[in-house]
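Remarks on the structure that follows.
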Amino acid sequence: MPGPVVVFVESRDGAFKKSSLEALSEGRRIATALGVPLQAVVIGSGVAAKAADLVAYGPDLVKVADHERLAKYANAAWARIVARPGADASAVLMSATALGRDLGGHVAGMLSTSLAQDCTELRVDGGRVIARRPVYAGKAFASVAASAGPLVATLRPNVFREESAGPGRTAPVENMPIEAQDVDFRAVVREIVATATKKMDLTEANVIVSGGRGLKGPENWGLITDLAAAVGGAQGASRAVVDAGWRPHEEQVGQTGKTVSPSLYFACGISGAIQHLAGMSSSRVIVAVNKDPDAPIFKVANYGIVGDLFEVLPALTAEFRKLLG
Amino acid sequence: MNIVACIKRVPDSSARIKISADGKSIDPAGVEFVLNPYDEFAVEEALRLKEKAGTGEIAVIALGGPESAETLRNKVLAMGADRAVLLKESTAGRDPIATAQALAAEIKSRPADVVFFGIKAIDDDGAQVAALTATLLGWPCVAGVTKLEWNGRKVTAHRPVEGGTEIVDLELPAVFSAQKGLNDPRFPNIKGIMAAKKKPLEEKPALPGEPRLQLLSLENPPSRPAPRIVGQGKDAVPALVKLLREEARVI
Ligand SMILES: Cc1cc2nc3c(=O)[nH]c(=O)nc-3n(C[C@H](O)[C@H](O)[C@H](O)COP(=O)(O)OP(=O)(O)OC[C@H]3O[C@@H](n4cnc5c(N)ncnc54)[C@H](O)[C@@H]3O)c2cc1C
Ligand SMILES: Nc1ncnc2c1ncn2[C@@H]1O[C@H](COP(=O)(O)O)[C@@H](O)[C@H]1O
Numbered sequence: 001m002p003g004p005v006v007v008f009v010e011s012r013d014g015a016f017k018k019s020s021l022e023a024l025s026e027g028r029r030i031a032t033a034l035g036v037p038l039q040a041v042v043i044g045s046g047v048a049a050k051a052a053d054l055v056a057y058g059p060d061l062v063k064v065a066d067h068e069r070l071a072k073y074a075n076a077a078w079a080r081i082v083a084r085p086g087a088d089a090s091a092v093l094m095s096a097t098a099l100g101r102d103l104g105g106h107v108a109g110m111l112s113t114s115l116a117q118d119c120t121e122l123r124v125d126g127g128r129v130i131a132r133r134p135v136y137a138g139k140a141f142a143s144v145a146a147s148a149g150p151l152v153a154t155l156r157p158n159v160f161r162e163e164s165a166g167p168g169r170t171a172p173v174e175n176m177p178i179e180a181q182d183v184d185f186r187a188v189v190r191e192i193v194a195t196a197t198k199k200m201d202l203t204e205a206n207v208i209v210s211g212g213r214g215l216k217g218p219e220n221w222g223l224i225t226d227l228a229a230a231v232g233g234a235q236g237a238s239r240a241v242v243d244a245g246w247r248p249h250e251e252q253v254g255q256t257g258k259t260v261s262p263s264l265y266f267a268c269g270i271s272g273a274i275q276h277l278a279g280m281s282s283s284r285v286i287v288a289v290n291k292d293p294d295a296p297i298f299k300v301a302n303y304g305i306v307g308d309l310f311e312v313l314p315a316l317t318a319e320f321r322k323l324l325g
Numbered sequence: 326m327n328i329v330a331c332i333k334r335v336p337d338s339s340a341r342i343k344i345s346a347d348g349k350s351i352d353p354a355g356v357e358f359v360l361n362p363y364d365e366f367a368v369e370e371a372l373r374l375k376e377k378a379g380t381g382e383i384a385v386i387a388l389g390g391p392e393s394a395e396t397l398r399n400k401v402l403a404m405g406a407d408r409a410v411l412l413k414e415s416t417a418g419r420d421p422i423a424t425a426q427a428l429a430a431e432i433k434s435r436p437a438d439v440v441f442f443g444i445k446a447i448d449d450d451g452a453q454v455a456a457l458t459a460t461l462l463g464w465p466c467v468a469g470v471t472k473l474e475w476n477g478r479k480v481t482a483h484r485p486v487e488g489g490t491e492i493v494d495l496e497l498p499a500v501f502s503a504q505k506g507l508n509d510p511r512f513p514n515i516k517g518i519m520a521a522k523k524k525p526l527e528e529k530p531a532l533p534g535e536p537r538l539q540l541l542s543l544e545n546p547p548s549r550p551a552p553r554i555v556g557q558g559k560d561a562v563p564a565l566v567k568l569l570r571e572e573a574r575v576i
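Line by line, the protein sequences give chains A and H. In terms of this note's numbering, the first sequence opens at residue 1 and continues consecutively. In terms of this note's numbering, the second sequence opens at residue 326 and continues consecutively.
Given below as structure tokens:
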């Protein structure tokens, strides 16, 4: 008898992360295809009250580990909690957030298995869960399956559809015993220092406006900021401008920066080097603005404007303000 | 301070990736192989820690084919590591848990206070061998650090997360994986390259591991819709916005 699909659901500041709800929705689809139950696992301090909200996403059981010791993320302790139901599961899923990518490795380690990191597609074939994931920075895709035991996988945010399972669902919410031992609390987050400006994080943004060396200098960055504000998006940058010190590390998109897949990605004055594409080529719609018609970015862009960004970006900002403003 | 860094030899980040006829591996012809870029940060941090501690030894471990000896000798030992171990594997492309098992066995066989990894290897993009190895060692682990503050055997690690930076306190022995921002890796200089020729590089078979994640196939990336140039200059802006609204429906 194949085991359940177990999905770890992450919360931040008292709310469940959208990307976790995407993972839970995908868990519902996989559990249905396998004909097994779906379990959601919630961890933290004071999270029990909210746990029932997850029932709308279709879990057959919500498991809650609620304890003041779990107020801050401690990878080994949290992994111990997820690994318990995970050991008998068909699949253990979570979103590939900073926390999820770390937790997934520890859960896999405790289950003596490997992790399918940052998957972009899951399917069921012959009673097995098969995951598709980018390798070589998105230059190839690997399909993988667990040869024994559960498939432990993290799912790339913004790729899987968030879908409520419909109204009127019921499911029990159950408290889990906390089995983590003291040794599991040797690496505990003491605090999270918020970035200076309270900006939207790139990996969670639905729209991203990125700039590159074509901006010529940090003094012109306002063109990116204005466009981002007009479309309600976050700002990103190429490595060239981060290395030049125009923009902070956390805005870098690409192989050595962040992997993003927003609905809409603007690449402005970015050539489209393979390492930049690695971080954004799974975006749904890509728009490029570049004065060089042969720039490689136009090979991946859905829509392009060939032209001087100093003239195109202000016009684009004005047009969006008119429309959305 | 006994420091270990685990490194991998990988295709250069700009390499063109061609899938072999078996549909499960890449064709290495014409591909340049380098030290995994994130492992440069790991090795650099090991060097700085040793310089700060004033004593100790840095051992570098790579699991891979015979070619990995070149990366160990000409890059990592030349940067300044003291000794290297090549765990030779017979099968190409090991499963992450099998890799971690072999690395953990080697780490356990020697004195070690701290082990550095890269946050991910840019071939399999697995981003997990540090966590898996730490679990096998039973040591605490912080992944993707951009800053480490040392105070004897106590360490404060900084790790970027969405919207901020996590601050984690822990004690040695510990495992860290490094990412961009941690340091600026040095290039080997002539003196380093000469010195590396005389440094010990031990080769031995890797402990056989049991793969748990089966690779079914390797495929080309899904194709993107045909690119379209909407127009030239700012006159193209209204048409672009219309397309984003009415065709792509993203605005
Ligand atoms: C190991 C490794 C890892 C890397 N990781 C990353 C990474 O994570 N992210 C990343 O981005 N890069 C990464 N790179 C660097 C990458 O190879 C490129 O160097 C970088 O992406 C180039 O940035 P850019 O497009 O801003 O600059 P450029 O390549 O210089 O391109 C500038 C573009 O702006 C256009 N332009 C100039 N003026 C105008 C104008 N007035 N109007 C319109 N267009 C204009 C030009 O036509 C050109 O296409 C990595 C490289 C290596 C080796
Ligand atoms: N074959 C290997 N030999 C030595 N270290 C490795 C090997 N594979 C991975 N690592 C280490 O683990 C890190 C993460 O790799 P991965 O989890 O495969 O993305 C790398 O940056 C290396 O530090």
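Idealized CB from N, CA, C, for every residue including glycine.
Where residue i meets chain B, residues with beta-carbon distance less than 7 Å
i: A:Arg156; result: Among the chains of the structure shown, chain B does not appear; the protein chains present are A and H.
Near ligand 2: residue i beta-carbon under 7 Å from a heavy atom
i: H:Asn361; result: yes
i: H:Asp337; result: no
i: A:Pro4; result: no
i: A:Val144; result: no
i: A:Ile286; result: no
i: H:Phe501; result: no
i: H:Cys466; result: no
i: H:Thr424; result: yes
i: H:Val454; result: yes
i: H:Pro394; result: It is worth fixing the name first, because residue 394 of chain H is Ala in this sequence and not Pro. No, the Cβ of H:Ala394 stays beyond 7 Å of every heavy atom of ligand 2.
i: A:Pro218; result: no
i: H:Ile386; result: yes
i: A:Ile178; result: no
Cβ-heavy atom distance, residue i to ligand 1, below 7 Å
i: A:Arg28; result: no
i: A:Ser271; result: yes
i: H:Asn399; result: no
i: A:Val255; result: Inspection of the sequence shows that residue 255 of chain A is occupied by Gln rather than by Val. At least one heavy atom of ligand 1 is nearer than 7 Å to the Cβ of A:Gln255, so yes.
i: A:Asn290; result: yes
i: A:Gln252; result: yes
i: A:His348; result: Residue 348 of chain A lies beyond the range of chain A shown here (1 to 325); nothing can be said about it.
i: A:Phe310; result: yes
Nearest neighbour of residue i, chosen from the options [CA to CA]
i: A:Ile208; options: H:Pro550, H:Val575, H:Asp448 and H:Asp509; result: H:Val575
i: A:Tyr57; options: A:Leu24, A:Val242, A:Phe320 and A:Ala89; result: A:Leu24
i: A:Gly168; options: A:Asn220, A:Lys63 and A:Leu54; result: A:Leu54
i: H:Arg341; options: A:Ala140, A:Asp308 and A:Ile178; result: A:Ala140
i: H:Thr471; options: H:Ala455, H:Ala459 and H:Arg484; result: H:Arg484
i: A:Val5; options: A:Arg84, A:Asn75, A:Ile192 and A:His276; result: A:Arg84
i: A:Met94; options: A:Val82, A:Asp88 and A:Ala87; result: A:Val82
i: H:Arg478; options: H:Ser415, H:Lys377 and H:Leu388; result: H:Lys377
i: A:Ser263; options: A:Met280, A:Glu251, A:Asp102 and A:Thr256; result: A:Met280
i: A:Asp88; options: A:Thr259, A:Met110 and A:Asp102; result: A:Met110
i: A:Ala31; options: A:Phe185, A:Ala77, A:Asp292 and A:Ala165; result: A:Ala165
i: A:Glu174; options: A:Asp60, A:Pro248 and A:Ala273; result: A:Asp60
i: A:Ser147; options: A:Ser112, A:Ser20, A:Pro177 and A:Thr154; result: A:Ser112
i: A:Glu219; options: A:Pro293, A:Val62 and A:Phe310; result: A:Phe310
i: H:Ala371; options: H:Phe441, H:Gly556, H:Thr460 and H:Ser393; result: H:Phe441
i: H:Glu487; options: H:Leu473, H:Gly469 and H:Arg570; result: H:Gly469
i: H:Ala499; options: A:Val188, A:Thr170 and A:Pro177; result: A:Val188
Problem set entry | Inter-stretch contact at 8 Å, needing at least 3 Cβ pairs: the segment 506-515 of chain H / the segment 400-411 of chain H | Under the Cβ criterion (8 Å, minimum of three pairs), the segment 506-515 of chain H counts as touching the segment 400-411 of chain H.
Three or more C-beta pairs under 8 Å: does that hold for the segment 285-301 of chain A against the segment 331-345 of chain H?
Flag = no, the segment 285-301 of chain A and the segment 331-345 of chain H do not touch.
Note to self: Please give me, in chain order, every unbroken run of the alpha helix (DSSP H) with length at least 4 that falls completely inside the segment 12-74 of chain A.
What the structure shows: 18-34 and 48-51, all fully within the segment 12-74 of chain A.
Practice prompt. Assess, as a yes-or-no matter, whether the segment 362-375 of chain H is touched by the segment 489-499 of chain H under the definition of 3 or more beta carbon pairs within less than 8 Å.
Written response: Contact between the segment 489-499 of chain H and the segment 362-375 of chain H is absent, because fewer than three Cβ pairs lie under 8 Å.
Requested in this report: Would you check if there are 3 or more beta carbon pairs closer than 8 Å linking the segment 544-559 of chain H to the segment 406-416 of chain H?
Outcome: Contact fails between the segment 544-559 of chain H and the segment 406-416 of chain H, because fewer than three Cβ pairs, one in each stretch, are under 8 Å apart.
**Prompt:** Are the segment 155-167 of chain A and the segment 114-122 of chain A in contact at 8 Å, needing three or more beta carbon pairs?
**Reply:** Touching, yes, given that three or more Cβ pairs across the two stretches are closer than 8 Å.
Quick check: the segment 288-308 of chain A against the segment 523-537 of chain H, are at least 3 beta-carbon pairs closer than 8 Å?
Judged by Cβ distances under 8 Å, the segment 523-537 of chain H makes no contact with the segment 288-308 of chain A, as fewer than three pairs qualify.
Query - Runs of beta strand (DSSP E) wholly within the segment 339-421 of chain H (minimum 3 residues, chain order) - result: Within the segment 339-421 of chain H, the runs of beta strand (DSSP E) that reach at least 3 residues and sit entirely inside it are, in chain order, 358-360, 382-389 and 408-413.
Run through the segment 488-576 of chain H for me and flag every whole beta strand (DSSP E) of 3 or more residues, listed as ranges in chain order. Whole beta strand (DSSP E) segments, 3+ residues: 489-496, 499-503, 526-530, 538-544 and 553-557.
**OP:** Determine contact between the segment 127-142 of chain A and the segment 9-29 of chain A, defined as no fewer than three beta-carbon pairs at a distance below 8 Å.
**Re:** Not touching, per the Cβ criterion.
ask   = Does the segment 201-219 of chain A touch the segment 257-273 of chain A, meaning 3 or more C-beta pairs lie closer than 8 Å?
value = In short, these stretches touch, since the Cβ pair count reaches three.
**Item:** Three CB pairs or more closer than 8 Å across the segment 68-81 of chain A and the segment 177-185 of chain A
**Value:** The way I'd put it, the segment 68-81 of chain A does touch the segment 177-185 of chain A; three or more beta-carbon pairs between them come closer than 8 Å.
Margin query: Does the structure place the segment 292-308 of chain A close enough to the segment 245-255 of chain A that three or more beta carbon pairs sit under 8 Å?
Written below: The segment 245-255 of chain A vs the segment 292-308 of chain A: no contact.
### Message
For the segment 61-72 of chain A against the segment 34-45 of chain A, do three or more pairs of beta-carbon atoms, one drawn from each stretch, fall closer than 8 Å, so that the two count as touching?
### Response
As far as the Cβ criterion goes, the segment 61-72 of chain A touches the segment 34-45 of chain A, which means the pair count is three or higher.
### Message
Extract the residue ranges of the beta strand (DSSP E) inside the segment 166-214 of chain A, only unbroken runs of 3 or more that lie entirely within it.
### Response
The qualifying runs are 173-175, 188-194 and 207-211.
Notebook entry, point to check: Considering only residues of the segment 211-284 of chain A, which uninterrupted beta strand (DSSP E) runs meet the minimum length of 3 residues and lie entirely inside it, listed in chain order?
Noted result: Whole beta strand (DSSP E) segments, 3+ residues: 234-237 and 264-268.
### Task
Determine, using beta-carbon pairs with one atom in the segment 443-461 of chain H and one in the segment 100-110 of chain A, whether at least three such pairs fall under 8 Å.
Result yes; three or more Cβ-Cβ pairs closer than 8 Å.
Inset, instruction - Spell out a yes or no on whether the segment 420-440 of chain H and the segment 555-568 of chain H are touching, meaning 3 or more CB-CB pairs, one atom from each, closer than 8 Å. - result: Contact between the segment 420-440 of chain H and the segment 555-568 of chain H is not established, with fewer than three Cβ pairs separated by less than 8 Å.
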